[in-house]
Structures are given as structure tokens and as C-alpha cells.
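For the sequence shown, my numbering assigns the number 13 to the initial residue and increments by one for each residue that follows. We put the CB at the ideal spot given by N, CA and C, even for glycine. Each remark here refers to the structure printed beneath this line.
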Amino acid sequence: MWEEEIVRPAPNRRVLLAAGIGLLLLLVAGCIFLFPFGFASQPALSFSKRQPSIVASKMYMNPGKMLALSGDSLGFWRVWQHNDSVAVNRFGPLGEAEWVADYSINSPLVDINGRQLILADAETGQVFTIEQGKGVTNALTLDGKIEAVAIAETGQWLVIHRPANGAPEYLESELAFHSRDGSLLFQIPLTNALPITAKMNQNGTQFFLLISKVSADGLENHLLSYADTGQVIWTAQLPDGPPIGLTIKPFADRIAVAIGNSVICYSGAGQPLWQHVGQGMVQDMIFLGQGDQVAYASQKVSVFSYKKQSLITVLTGQGQVAWQYEVKGSVPRLASGPTTLSAIIANDAGVHCIGSDGQVRWSQKHPYNEKKVEDFAAHIAYSGSNTVLVQLTDGRMLVLRGE
């Protein structure tokens, strides 16, 4: 008897090939889908074994809310608020106290440009300009609510305020531009606009306004550039989204604006240079020294785990990602200075100095938070003497110098 042989049809090669291609496409699509939600991997920032030297260490009792910390060629400014008072401190490059003054201010607005500082009370209309080595150089009170202030290192300053007699249903503000001695040079009406922030270049020849305008479709973001004569140089409409802020190079040959998770860069003449869309909302942004690289800190949240992820990203002069780190802990704050191309970053874990090439130069862990301060954080500033001032929210202040 013959044995029966069961013969199965050979698999169709075309079917197998199609199935393989389908699986590959599903894998690629999954990676693309997961990327925006926090599953893309960035190298984690780790502490370097190289540490800076601690030049000075101080302790301040009952510290208030930090408003501003800035460095320049001769030292540091520190501005913080405690209850209904604002303290302005001036330190030398090694952290030595040089000058301090208290101001009765409830709703402070601050801008610093080199050795010049402007301080205002948004509610009462008080305005003070302060210069390193001289103290208060101008003081006046405006009749209305102040919305933004800015100052140049050469001493010119501006105030945007809403007059007290203005109709509350209309968005009408007024920009007043003053000389170094406080003389009013010109005024500009701002209609149908919500001022977000203002910045002046180093020598006061150009200033910039980030505003939101009300249109039939909602709010529109705009960047305005003015000359020191009050003439509009150029304007640009920005992407939709929450306006975060802007940063400019000392002589305003480049301007970077943050809107939501986007960074847009313009030349001083208003030419759009590039636009970068990042991961998560931008929290802080600087130019590295006098170069064209932009560093920004951001935070994103995974829609699956709800875990917050902090990132530090540096963009080239063409808007490409030069390097990026995931930072454990709170969103880092950033600092740089005219004599360095490094990024100084600090959060609740410590301080790092990272070169423009992405290499960590040195790191410093924070001392133990003995007071168990809630929302423990660090603020930083870089001086022209290659020193870094670190102010912790528990009152401790350190001055570091990299090797």
C-alpha cells in the first residue's frame, strides 16, 4: 500500500515580503508617535569630577523671593522681595558686599543691563534707576499702572504704563523714553496691545517690544523694533502660543524670541534667520557670550507617565541642535557672559559649566538642604572676572571660580 504524503502549499514570498514591510512601517510609525511624548532619549547630564574653587560663602537669614540676579564686568546685582519691601544688593566679583538699599514696593518690575538697573512698582507707578557706584540716579512716579520697563547700559531707559484716566475696556498704553538724566525724549502710544516685555541694546540705540495684539481671531504675538528716536525700524508677526520672552545680544545684531515651545531668531535688521520647535515649553533662554549660539531650558511631560522631564538645549547660529542634555531635577536656570562661550546652568541639584561643544567643564553639587526649604532652587549669574554667583533659596550664597 502506498503511504499518503501530505503536501502543504509553499508560502507565498510576496505575502511574506509585504508582511515584513508592514511590520517595519508600524515600528517606524510607533517611534514617530512616541517621540513627542518623552520617549526620545537624550544623554543625561552627570556631575563632572572637576570642581570649581569656592571663592566665598555666605548665609542670609529670611531670604525673600528672588526677582533678578545678574553679573557684569565689575560684579553682581541681586534683587529680591521680602513682604512689601524690595532689597537691591551690589556685590564685587568675589562676592564682597558693596551697596544695599531697600524700597517699599509691592508689585516689582526689574530690568538690568550691565551696571544699570531699573526698578518699578507696577501698582503705584514708582520708578527708580540705579547705577553701580552711584546709587539712585532717577526717581519719579507715574499716574497709572506700569506694564514694562527696560534700561540700556549707557543709561537710557523706558517705561510702558497705562494712564490712570484711560478707559479700562480699551487696551491703550504709553511708552515713555528717557535720557540718562531722566529727561523725557519722546512718547509712543500703544493701542490694542498687551506689552509682555521690553529690552534695550547695550548702547541704547535700539529697543524691542514683545506684545500681544487683540484681533478678530484672538491674540496675535508681535515683535517691534524701534530706534532711539521713536521711529519704528521693523515689525514681525510671531507664531501663535503663549509668549515667553526675548533675549538679545549686547548690540542687538541678533534677537531670539520664545513662544511656547518655539524659538525664533531675527537679525538686528529684522530678517528672520531660523525657527526651532523644541520639546516642551521654553522656561529660560540666553545667547552664549557674544556668539550666535542660543541655549534654552525647557520642560515636557509624558502623557503616559505624567513624568516631568527637564532639558537643556543649545542651538547653532543656523538654528540646528548642537547638543542636548536631560537634566534630573527642576528646570535649570541659565547664565553666560561676554568673556565666555560656556553655558552655566543650575537647578535644585547643583551647578554645571558646559562648553559650547557640549563638554562639561566642571560641576558643583549644592550643600545639603538642611532647612528642608520647599521649592528649593538656585539662581546664578556670571561676572566678567570668571566668577559665578550662586544664590540658593535657603539663604546660602556661593561664589565659584572655574579652573
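- Per the Cβ contact rule, the region 250 to 266 is in contact with the region 287 to 297 (3 or more Cβ pairs under 8 Å).
- A direct Cα-to-Cα measurement between S322 and P55 gives close to 12 Å.
- Between V148 and the set T209, D114 and A162, the nearest pair of CA atoms involves D114.
- Under the three-pair Cβ rule at 8 Å, the region 98 to 113 does not count as touching the region 175 to 192.
- In the DSSP assignment, the residues bridged to G362 are K377.
- Q376 places its beta carbon 7 Å or farther from that of V343.
- Around the beta-carbon of G167, 16 or more other beta-carbon atoms lie within 10 Å, marking it buried.
- Out of H378, P207 and S185, the CA that lies nearest to the CA of L154 is found in S185.
- By the neighbour-count criterion, in which a residue is buried when 16 or more other Cβ atoms sit within 10 angstroms of its Cβ, T405 is buried.
- Cβ-Cβ separation between F219 and A210: approximately 6 Å, consistent with a contact (criterion under 8 Å).
- Taking all protein chains in view, the Cβ of G216 is crowded by 16 or more other Cβ atoms within 10 Å, so the residue is classified as buried.
- For the pair N118 and D96, the CB atoms are nearer than the 7 Å cut-off.
- Straight-line spacing of the CA atoms in L121 and L401 works out to 22 Å.
- Contact between I392 and A358 holds: their C-beta atoms lie close to 4 Å from each other, under 8 Å.
- Between the C-alpha atoms of K261 and M409 there is a straight-line separation of about 28 Å.
- The beta carbon of W92 sits closer than 7 Å to those of P75, G76, K77, M78, L79 and A99, all from its chain and outside the five residues before and after it, given in chain order.
- In this structure, the beta-carbon distance from G272 to G253 falls below 7 Å.
- In the structure shown, Y182 falls within a coil segment according to DSSP collapsed to helix, strand and coil.
- F189 has L170 and F198 as its beta-bridge partners, per DSSP.
- Taking the Cα of Q128 as reference, the smallest distance to any Cα among A270, G280 and T141 is reached at T141.
- The C-alpha of Q138 lies about 16 Å from the C-alpha of L196.
- Straight across, the Cα-Cα distance linking A134 with V171 is about 10 Å.
- Here A248 carries a strand assignment [DSSP, helix/strand/coil].
- Within the model, the alpha-carbon separation for W286 versus Q336 is close to 18 Å.
- Sixteen is the threshold: since fewer than 16 other Cβ atoms of the shown chains lie within 10 Å of the Cβ of Q330, the residue is exposed.
- Residue pairing for R345: DSSP places it in a beta bridge opposite A358.
- CA-to-CA, the gap between V275 and V289 works out to about 7 Å.
- For F299, the enclosing beta strand (DSSP E) has its first and last residue at M293 to F299.
- Annotation: R127 is outside any beta strand (DSSP E) and is labelled neither H nor E by DSSP.
- Cα atoms of L81 and G87: separation of roughly 11 Å, rounded to the nearest angstrom.
- Sorting S397, G367, T399 and F388 by C-alpha distance to the C-alpha of F299 places G367 at the top.
- DSSP, read as helix, strand or coil, puts N398 in coil.
- Leaving aside the five residues that flank L206 on each side, the residues in its chain whose CB is nearer than 7 Å to its CB run, in chain order, L183, I223 and S224.
- Annotation for D84: the continuous beta strand (DSSP E) segment containing it runs K77 to D84.
- Going by DSSP, T325 is part of the beta strand (DSSP E) stretching over K320 to L327.
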